[in-house]
Amino acid sequence: MTESDPGHGSEPEVRQGRLSLIWLIPLVAVGLAVYLGIRTQAEKGPTITLYFATGAGLEEGKTQVRFKSVPIGVVDDISIRMEKPQIVVRCALDKGAEGHLKEGSQFWVVRPRIGFGGVSGLGTLVSGAFIAFEAGPEDGKSLREFTGLKAPPISEPEGPGLKIMLHAPELGSLGPGTPIHFRQIRVGTIEGHELSDDGVEVHALIDPDYVKRVRTNSRFWNSGGLDVQAGFGKIDVRAESLEALVTGGVSFDSPSGGKPADQGARFLLQPGRAELEAAPWLYGGLHVVVEGPQLGGLKRGDFVYYREERVGAVVSQALSTDSRSVRVHLNIRSPYATLVRDNSVFWNASGISADMGLRGIHVHAESLEALMAGGIAFATPNKPGARVKPGSVFRLQPELDDKWLKWKPLIWRGPPEKAPADAKPEQEGEHGIGRFFHHDDKSEEKTADDGPTPEEHEKHGFFHRFHR
Amino acid sequence: MSAAATATTTAAAAGLVRCPGCEKLHPRAQVAPGAPCGRCGAALHHRSPGSLQRTWALVIAAAALYLPANVFPVMVIEQFGKAEADTILSGIEALFAARWYPIALVILFASILVPMLKLVGLSGLLLAVHWRSHWNPRQRTVLYRVIEAVGRWSMLDMFTTSLLVALVHLGGVMTIEPGLGATCFAGVVILTMFAAQSFDPRLIWDAMEEER
Chain B
59 MTESDPGHGS EPEVRQGRLS LIWLIPLVAV GLAVYLGIRT QAEKGPTITL
109 YFATGAGLEE GKTQVRFKSV PIGVVDDISI RMEKPQIVVR CALDKGAEGH
159 LKEGSQFWVV RPRIGFGGVS GLGTLVSGAF IAFEAGPEDG KSLREFTGLK
209 APPISEPEGP GLKIMLHAPE LGSLGPGTPI HFRQIRVGTI EGHELSDDGV
259 EVHALIDPDY VKRVRTNSRF WNSGGLDVQA GFGKIDVRAE SLEALVTGGV
309 SFDSPSGGKP ADQGARFLLQ PGRAELEAAP WLYGGLHVVV EGPQLGGLKR
359 GDFVYYREER VGAVVSQALS TDSRSVRVHL NIRSPYATLV RDNSVFWNAS
409 GISADMGLRG IHVHAESLEA LMAGGIAFAT PNKPGARVKP GSVFRLQPEL
459 DDKWLKWKPL IWRGPPEKAP ADAKPEQEGE HGIGRFFHHD DKSEEKTADD
509 GPTPEEHEKH GFFHRFHR
Chain U
8 MSAAATATTT AAAAGLVRCP GCEKLHPRAQ VAPGAPCGRC GAALHHRSPG
58 SLQRTWALVI AAAALYLPAN VFPVMVIEQF GKAEADTILS GIEALFAARW
108 YPIALVILFA SILVPMLKLV GLSGLLLAVH WRSHWNPRQR TVLYRVIEAV
158 GRWSMLDMFT TSLLVALVHL GGVMTIEPGL GATCFAGVVI LTMFAAQSFD
208 PRLIWDAMEE ER
């Protein structure tokens, strides 16, 4: 309504001093911009420098740094350092990572790995590699420069589950991802391995659910491949599982007794099941040395027979130190240890195969299985001598004397049995339980002799329960 | 340059108010600011009320958002779980690197140059009005028209982004999400469009009229 000079051009409507509400818009906009800027600045985490041997798969601005697969940063800049020569990777991390960049933190590049044991890092196949980060100990010194690992660390620190070490003379076909089986159920995996002075240390991780299964007396063996036991008229082929057959694997069993294993417990990894049966240090059997003029085809894994029953195995053989004889180390499994007396005689069960054609009667005398597979047999006279100490040395008899086969000493290894005589014996070595005593000749074995050890009692009791 | 201005008699000089809706001229003395037009009912003003103030406010707001719009990612492309964030500039850079020059130029023009032109141009126009500049009023009017006409083209980016975001939802394979930059950029475009609209180009000429 102003009657101002039209030419004046400054209408009160236009130039009024009053602030219009419109100024809220720039206010909000500026506030927003400032807030975003501050927030970005506040979220800006530390910048770290990593040194890698190779830059394969790393991309500036794209490659992520991840902590347990969660992105926590991104590669900012990749440059090279000629003097080392190394790849220098600068990464911008989130603020949350600040407190974890301690001495001992580990960085490694995750690339796809495809093997029989499984596929890992598959995501990286399409998304490209990423840098994995594992925080160091909380009380470590704060660092901003790290040297990247060449390969993933053997086990992610403080991962759930039980970490154990398996000592083996050689790696075999084990590798990261190789499964560990317990009663053919997958309970863990091989995490990695490293060389030690006297073999290979294999790091294994048992899944949390199965930690209880590993006992101090657990026995581990390499279950990869086929275990073929060729006997007369029967070939027993065992494979732990198809998976283990292809990928290799480790199995273990846990005999009764034994306490739960501790973190980092160390076990021996036997090359196979047969060797396991022959391993006295694990099996708790009786160690016996047999000394003879020559080996006569004996080898590690051959069985030891008593009345044609397998009671032990050959652990190792070696030339004696004076080079005049060979020494064969046997392990007699604990239920049968009492059968060995100081007056026992040992002979090479495979040695008579040469005379087989001529002396047919002797072929029947010794088990054909032993003839085929080789092994050592022993017999104890009708009047058993004293029990022997571990490591006792026996002479390997050059020739089988027929009268040994007629010896029927009475040696009690358990209480008189009431179970049906046709009860099928357990698979050897399973759960560390011995077999039933075979009743070849019941009438002569009825008097008590050598009381069974409490341990044997327990085993028998367990066995009975098991079969009822 | 005042030739154009002096050659014509302006409505203001003649003491008239033009209806913004139907162009009817009303004697200014008889019309209160904001009164309805006798013919079409549109609000009558000698000059758009608060035009300068509003334009300034919107331009400042747009300028404030222009920075985050360019710093923050516009689009986050998540491919196989691996997120890749692109700002406007990095996107253009990538297009140039891929030798898609026409597209790169279009985006460069629509997303970088146009918003900048609008911000700088509008600020220039506003300052000129403040200083009652006589400098090239005609050119300034042309500039204003260009700014107003070209403004909407900046929305090209927004359309592309929103289409991609809506269409590309391939679960774990590929997902596109708008970044913070996109929001800011949309703010810049909308605010500059309103700013251009709220600027009353007649103000350019008022300074000329004063001279006479």
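Order-wise, the sequence lines are chains B and U. FYI, in this note's numbering the residues of the first sequence are 59 to 526. FYI, in this note's numbering the residues of the second sequence are 8 to 219. For every residue, glycine included, the Cβ atom is placed at its ideal position computed from N, Cα and C. Predicted, not measured: the structure shown is a model, and the values here were computed from it.
What in chain B is Cβ-close to residue i, meaning under 7 angstroms?
i	result
U/GLN60	SER78, ILE80
U/GLY98	By Cβ distance, chain B contributes nothing, its closest Cβ being about 13 angstroms from U/GLY98, past 7 angstroms.
Between the C-alpha atoms of residue i and residue j, what's the straight-line distance to the nearest angstrom?
i	j	result
B/GLY257	B/ALA155	39 angstroms
U/ALA21	U/ARG46	20 angstroms
B/LYS199	U/GLY188	38 angstroms
B/ARG244	B/GLY307	10 angstroms
B/ALA100	U/VAL81	21 angstroms
U/GLY41	U/HIS33	12 angstroms
U/THR167	U/ALA68	24 angstroms
U/PRO185	U/SER169	8 angstroms
B/VAL346	B/ILE145	59 angstroms
B/PRO211	B/LEU220	16 angstroms
B/ALA395	B/ILE264	33 angstroms
B/LEU229	B/SER309	15 angstroms
Can you find a CB in chain U that lies within less than 9 angstroms of the CB of residue i?
i	result
B/PRO266	no
B/THR98	yes
B/PRO129	yes
Kindly identify the DSSP beta-bridge partner or partners of residue i.
i	result
U/ALA42	U/LEU51
B/PHE191	B/PHE125, B/PHE165
B/THR247	B/PRO237, B/LEU263
U/CYS26	None, per the DSSP bridge assignment.
B/LEU326	B/HIS225
B/CYS149	B/ILE106, B/VAL133
U/THR62	DSSP, once it has assigned bridges, lists no residue as partnering U/THR62.
B/ALA376	B/ARG385
B/ALA371	B/PHE361, B/ASN389
B/ARG139	B/GLN144
B/LYS220	The sequence as given places Leu at residue 220 of chain B; Lys does not occur at that position. DSSP output for B/LEU220 lists B/ILE264 as bridge partner(s).
Sort the options by Cα distance to residue i and report the nearest one.
i	options	result
B/LYS357	B/VAL348, B/ALA190, B/ARG365	B/VAL348
B/ILE238	B/ARG169, B/ASP311, B/ASP197, B/SER200	B/ASP311
B/THR121	B/GLY95, B/GLY198, B/LYS464, B/CYS149	B/CYS149
B/PRO438	B/VAL398, B/ASN280, B/GLY131	Sequence inspection shows Thr at residue 438 of chain B; the Pro mentioned does not correspond to that position. That would be B/VAL398, whose Cα lies nearest to the Cα of B/THR438.
B/ASN440	B/ILE390, B/PRO467, B/PRO318	B/PRO467
B/ILE130	B/THR379, B/PHE452, B/LEU159, B/ILE434	B/LEU159
B/ALA190	B/LEU151, B/GLN242, B/PRO456, B/VAL123	B/VAL123
B/LEU151	B/ASP134, B/LYS142, B/ILE138	B/ASP134
U/ALA71	U/VAL195, U/VAL127, U/LEU129	U/VAL195
U/LEU132	U/GLN204, U/GLU30, U/VAL38, U/GLY28	U/GLN204
B/ILE106	B/ILE136, B/ALA91, B/PRO448, B/TRP279	B/ILE136
U/PHE192	U/MET123, U/LEU177, U/GLU30, U/SER55	U/MET123
U/LEU150	U/LEU129, U/MET200, U/PRO43	U/LEU129
B/PHE188	B/GLY433, B/PHE110, B/LEU263	B/PHE110
U/GLU91	U/GLY98, U/SER97, U/VAL83	U/VAL83
B/TYR364	B/VAL384, B/PHE404, B/LEU353	B/PHE404
B/PRO313	B/TRP279, B/ARG273, B/PRO143, B/VAL304	B/ARG273
B/ARG391	B/SER231, B/SER374, B/GLY343	B/GLY343
U/SER140	U/LEU96, U/VAL24, U/LEU210	U/LEU210
Just to make sure I have the definition right: I need the residues of chain U whose C-beta is within less than 8 angstroms of the C-beta of residue i. Which are they?
i	result
B/ILE41	Absent from the structure is residue 41 of chain B, since the part of chain B shown begins at 59 and ends at 526.
B/LEU151	Ordered by position in chain U, no residue passes the 8 angstroms Cβ test against B/LEU151, which lies about 16 angstroms from the chain.
Give the residues of chain U in contact with residue i, contact being defined as C-beta atoms less than 7 angstroms apart.
i	result
B/LYS120	GLU91
I want to verify the contact list: residues of chain B whose CB lies under 9 angstroms from the CB of residue i, in sequence order.
i	result
U/GLY194	ALA87, LEU90
U/GLY178	Chain B residues near U/GLY178: none, gap ~14 angstroms exceeds 9 angstroms.
U/GLY45	Within 9 angstroms Cβ-Cβ: nothing; U/GLY45 doesn't reach chain B, min ~17 angstroms.
Counting only beta-carbon atoms, is residue i nearer than 9 angstroms to chain B?
i	result
U/PHE116	no
U/LEU72	yes
U/PHE103	no
U/CYS26	no
U/CYS191	yes
U/VAL78	yes
U/GLY57	yes
Strictly below 8 angstroms CB to CB, what residues from chain B border residue i?
i	result
U/LEU174	Correct list: empty, because the minimum Cβ distance to chain B is about 21 angstroms.
U/LEU187	LEU94
U/PRO75	LEU90, ALA91, LEU94, GLY95
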